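**Student:** Sequence order for the protein chains is X and G.
1291 is the number of the first residue of the first sequence in the numbering used here; add one for each residue after it.
18 is the number of the first residue of the second sequence in the numbering used here; add one for each residue after it.
All residues carry an ideal CB built from backbone N, CA and C; glycine is no exception.
Keep in mind the model is a prediction, meaning the values are calculated, not measured.
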Amino acid sequence: MTATPLVQLARPSRPARPPVALTIDGQSCTVEEGTTILQAARSLGKEIPTLCYLETLEPVNACRLCVVEIEGARVLAPACSRAVEGGMKVLTASARVRHSRRLVLELLASSVDLSTAPGLAELIDEYGAQPARFGESAPPSNDGVRDASIPGHHVVAAPGTAATVAQPVKVDNELYVRDYAKCILCYKCVEACGPDHQNTFAIAVAGRGFDARISTEFAVPLPGSACVYCGNCIAVCPTGALMATSEHELRAAGAWKPEVQQTTDTICPYCGVGCTLSLHVQDNVIVKATSPLENDITLGNLCVKGRFGWQFVQPKDAAAGEGRD
Amino acid sequence: MDIRHIDAEPTAAERDAIDALLGPPASSWDGGERGSERDAHTAVGGAAAREQRHLLVPALQALQQRIGWISEGGMGYVCRRLSVPPAEAWGVATFYALLATAPRAKRVLHVCDDIACRNRGAHAIEHELERTCGAAIAAEPRGERVALGEGDVAWMHSPCLGMCDHAPAALYTEAGESPREVLLGNVTPSSAVHALTRHDPGLDSSGTAVLPQRGDPALVLLARCGTVDPTSLDAYRTAGGFEALARARAKGAEWVIAQLNDARLVGRGGAAFPTGRKWEAVRARPETPHYLVCNADESEPGTFKDRVLLTQDPFAIVEAMTIAGFATGCNVGFLYVRAEYPLAAVRVQNAIDACTAAQLLGDFRIEIRRGAGAYICGEETALFESIEGKRGEPRSKPPFPVHVGLFGKPTVVNNVETLANVLPIVRLGGAAYAATGSQGSTGTRLFCLSGAVSRPGVYEVPFGTMLRDLLAMAGATEPTAILLGGAAGTFVRGDEIDLPLTLEDARAAGTTLGSGVVMVCGPGDDLHDMVRRIAGFFRDESCGQCVPCRVGTVRQEEALHRIAAGKTLGGVAAELALLDDVGVAMRDASICGLGQTAYSAVESAIKRLRLYEEVGR
């Protein structure tokens, strides 16, 4: 949830744009035209919570957690994508804003498993969200049921229970798992797989309404899809719905211990691009490889080799938590 | 873009269906036969193929109409032809209710059980179909083989089919070499079973509108409906057709826009935005091309006025679109008509063809795009996405369509009824037009009367007509409540009918005219059931993009079901408070008008009809 400024070195310089003056929570500020409300607020040191927003991706403003009130506007506006306008009076924490944010958190937490979503529990506390008020969770659906739903047709959960997206984890390859019971449909993985980063287009949003889901064509398993296992979708997933198998298995065994993990940055040994690799090490065993989001070469992206090709460093069973002497 | 395509091969029939739409493939690069020497050395397609992305939905519809569903081989071939990644095509195919992505019977009856039809006998039809043909299709039977013999038929529930004046209604679809789509009104249990099992739906009844005012000399928009042959250009011209276009061309584009401004015409789709300002804005944009879109995706439950105009007076829409194109600098206009109006599409295409042959349109070209079963595509930016071959997900505004619209270009979007008003404005002049109606609401308005009335149908009355008088015209004797503006509108009580029907009076009374829906509830109607159906409608039709609407519509429906089942969480008052919490967030934080109005009718049932007080606390 914290702002991670991107290094601008790799970006071509552009002519300065005209200044725009506005007030945010009564504080005046002047920013360049084209700046978003979120960027303007951060320049004043104001934090606006986001979920589907990431600096390296085109904003889709789908989660609506970052909504703010603009004086005179009929509805709230997404701070992550709405550009500032001269004279705008923005309220980032009014009662209206807090109400919608609380409801977004309640609606998400009542329908999605957020147990591995960093920062969400704290936000739920901060906003006083009570996801249990919609009733007990309805039983999870069987594998494939959500994939086969018909647009425009639904079944109402038994009275007293609340519909959820709970379903079995999709484990169809050795490198990463897709746990769509944890998916908030932020579109980040689709963007990272598609035009924003990887240009592989292996996944898209399918279905509609509450049945909307991330899917390959005809919901085929990943090995039958266009997936190239770059794992860039994992890197942008805000809830842990997409997870390296190494992490997923350690978590399942109760052996995932982030508090004792160390992260060491190195350079990927495979090719001449020189991507920065962050190796996450637990008990002297590599358990995951990522790349820093703010790295101006990778923007957090890697290829299959950098992200998953580190087993040569250690026997595979070591990565599964067995440890070694 | 390096696309990994689907390995499955299309059948000959699937290939035929696609080639009939797109022409034969030019090379093995886009799905043609492999092994050519030339193709081994020359790349074909690329950007040129991707620019055809807007044909994705028509191509998927071609498969649906020919085969009855979209197979891996069929969709894979479409993806090769248009250079679309299969996962994206899948995302599009699974978005639209009238596209099947698993084997489905060739003949399907879509039975409307929405708010008007369910009070007029829809359930009896569904029970009879269940008894004779089995349960409705409710989930795609993926992985299982489905018998798809000639006798194989199926039926499904459907949202509002825009036939509330002929309730109950059904849509018959039959896939094959000669596909059929027939919209049926006044369906009975036995006629439904007959249509499906005998493959004999009879004639489409969506063009035989009940027009209670037919022939009334005071009619403006409906003047030709039911009196002038809607299939004959000569008849249209004899009735004064194309005089407005000639006048517009003689006076010039700026004059036309000035007349719209003088007329104070506002959009009739529901948002009531000044039409002249929209046209002016597009006309002034330096980027080219400009696009015109006629929004004929009338899907608001209870609305059927555009269906009447499209089927009864299609030449008028073609003429009005041509004037709009002339005034706003567009060479191409798209008419996006909802999938459930097959006859309307046929009638308008016939009108376009006849006018083109008679060289009446100049260099203006009109293309029809058919929806595929998605209420959300009536939202203007979702409509653009749909035309562009994408999922119908609304865009964030700003930027507004007049700046960044269809294909990213300045676009003027008008509802069918709005365009119909352009003709009298050009003919009479804006000031004369504005003499009818009130200060804030000029001209006449089409109202869709349905429900507990003895003479349902489309009525044209001047703005300012009293709701009481309109109800009397339609024969509503004992209105207990009236739904104004459709599912996205509000209920008013039966004692609130002394309401002048203007935009400003409706607003002041805390209601809306919306798309002109006046659905009357009588003593025998179950209002609780109706409210739950509205909530279910919004859940079904939410695109799923933003959290408040995607999950909020689910929680709203669940709460109403809990109240109905007497299984409240902490009592009715607590449930109403919960509904209000969710509703306010949907209104405030949703991306588009669907989520923003999804609580509207429910809220009015709670606060205006006080429907849940009798349930007890």
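1) In terms of residues, what are the limits of the alpha helix (DSSP H) holding G:Gly474?
2) Which residue spans inside the stretch 1443-1487 of chain X form an unbroken beta strand (DSSP E) run of at least 3?
3) If G:Glu434 sits next to G:Leu463, beta carbons under 8 Å apart, how far is it from one beta carbon to the other, in whole angstroms?
4) Using CA atoms only, rank isn't needed, just tell me which of G:Arg572, G:Trp172, G:Gly541 and G:Val109 is closest to G:Gly636.
5) Pull up the distance between the alpha-carbon of G:His71 and that of X:Ile1587, whole angstroms please.
6) Strictly by DSSP, which residues pair up with G:Tyr189?
7) Would you check if there are 3 or more beta carbon pairs closer than 8 Å linking the stretch 419-430 of chain G to the stretch 284-304 of chain G?
8) What in chain G is Cβ-close to X:Arg1423, meaning under 9 Å?
9) Which partner residues of X:Leu1532 appear in the DSSP bridge assignment?
10) Is it true that the CB of G:Ala267 sits closer than 8 Å to the CB of G:Leu440?
11) What is the DSSP secondary structure of G:Pro206, counted as helix, strand or coil?
12) Runs of 3 residues minimum, wholly inside the stretch 1321-1405 of chain X: which ones carry the beta strand (DSSP E) assignment?
13) Using DSSP with H/G/I as helix, E/B as strand and the rest coil, what is G:Ile87?
14) Between G:Ser413 and the rest of its own chain, which residues show a CB-CB distance below 7 Å, the 5 nearest in sequence each way excluded?
15) Going residue by residue through the stretch 536-594 of chain G, where are the continuous alpha helix (DSSP H) segments of at least 4 residues, counting only ones entirely within it?
16) Give me the residue from G:Gly62, G:Ala469 and G:Val363 with the minimum Cα distance to G:Glu384.
17) Mark X:Asn1351 as exposed unless 16 or more other C-beta atoms lie within 10 angstroms of its C-beta, in which case mark it buried.
18) Pick out whichever of X:Asp1437, X:Pro1528 and X:Asp1462 has its Cα sitting closest to the Cα of X:Cys1479.
19) Between G:Leu520, G:Glu405 and G:Glu397, which lies nearest to G:Pro416 when the distance is taken from Cα to Cα?
20) Under 7 Å between beta-carbons, which chain G residues line up against X:Ala1369? List them in chain order, please.
21) In or out: X:Gln1572 buried (at least 16 other Cβ within 10 Å) or exposed?
22) Indicate whether the contact test is met: 3 or more Cβ pairs, each with one atom in the stretch 1466-1483 of chain X and one in the stretch 1534-1552 of chain X, closer than 8 Å.
23) Where do the ends of the alpha helix (DSSP H) carrying G:Trp272 lie?
24) State the Cα-Cα distance for the pair X:Val1357 and X:Asp1403, rounded to the nearest angstrom.
25) Quick check on G:His58: buried or exposed, where buried means 16 or more other Cβ atoms within 10 Å of its Cβ?
26) What distance in whole Å lies between the Cβ atoms of G:Leu238 and G:Asn438, which are believed to be in contact at a cut-off of 8 Å?
27) Just mark G:Thr118 as buried or exposed, buried being the case when its beta carbon has 16 or more other beta carbons within 10 Å.
28) Measuring CA to CA, which of G:Gly350, G:Thr570, G:Asp47 and G:Arg215 is closest to X:Val1446?
29) Extract the residue ranges of the alpha helix (DSSP H) inside the stretch 90-119 of chain G, only unbroken runs of 4 or more that lie entirely within it.
30) Would you list the one or two residues that DSSP bridges to X:Lys1578?
31) Quick check: is the beta carbon of G:Glu161 nearer than 8 Å to any beta carbon in chain X?
32) Compare the Cα-Cα distances from G:Thr244 to each of G:Pro479, G:Arg137 and G:Thr328 and report the closest residue.
33) In angstroms, rounded to a whole number, what distance separates the CA positions of G:Ser559 and G:Gly610?
34) Report yes or no: is there a C-beta of chain B within less than 8 Å of the C-beta of G:Pro565?
35) Less than 8 Å between the C-beta atoms of X:Leu1366 and X:Ser1390, yes or no?
36) Starting from X:Pro1309, trace the beta strand (DSSP E) in both directions and tell me its first and last residue.
**Tutor:** Well, looking at it:
1) Run containing G:Gly474: none in the alpha helix (DSSP H); it sits in the beta strand (DSSP E), Gly474 to Pro479.
2) 1466-1468
3) 6 Å
4) For residue 636 of chain G there is no data in the structure shown, the boundaries of chain G being 18 and 634.
5) 35 Å
6) G:Leu126 and G:Val199
7) yes
8) Leu586, Gly587, Ala591, Leu595 and Asp598
9) X:Arg1468
10) no
11) helix
12) 1357-1360 and 1379-1381
13) coil
14) Ile608
15) 544-558 and 564-582
16) G:Val363
17) buried
18) X:Pro1528
19) G:Glu397
20) Correct list: empty, because the minimum Cβ distance to chain G is about 12 Å.
21) buried
22) yes
23) Ala270 to Ala280
24) 23 Å
25) exposed
26) 7 Å
27) buried
28) G:Thr570
29) 103-110
30) X:His1570
31) Below a pLDDT of 50, predicted positions are generally treated as unreliable, and G:Glu161, at 49, falls in that range; the measurement from the model is reported next regardless. Chain X, which has no Cβ nearer than 8 Å to the Cβ of G:Glu161, makes this no.
32) G:Thr328
33) 10 Å
34) Going by chain labels, chain B is absent from the structure shown, which instead holds the protein chains X and G.
35) yes
36) Pro1309 to Ile1314
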